[in-house]
Amino acid sequence: MKSPFMHFAVSTEEATRLIECYRRTGAKAEKTLNVDPRLWDVTVQLPEVRFLQPTPRALVNRMWR
């Protein structure tokens, strides 16, 4: 399942950089004009996960095991 995540009121350079980064990871991103014509809103469809992956045992303190 994917849900939208929005970046509001970003400049043209920031919006272009965000779209490039998200598309590199395979996410669907689109840029729309904000109410202020100098700024953009970026909407990205990001996947949702129900459970996080477990922490590797090498990164868990021995005291907490």
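If you read the sequence shown in our numbering, its first letter stands for residue 2, the second for the next number, and so on. Backbone N, C-alpha and C fix where the C-beta goes; we use that ideal spot for every residue, glycine too.
To the nearest angstrom, how far is it from the Cα of Trp65 to the Cα of Arg51?
24 Å
My output table needs one value for Met64: the three-state DSSP class, helix, strand or coil. helix
ask   = For Thr56, which of helix, strand or coil comes out of DSSP?
value = coil
**Prompt:** Would Ala59 be called buried (16 or more neighbouring beta carbons within 10 Å of its own) or exposed?
**Reply:** exposed
Looking at the strands, I want to know which residues DSSP matches up with Pro48.
Lys3
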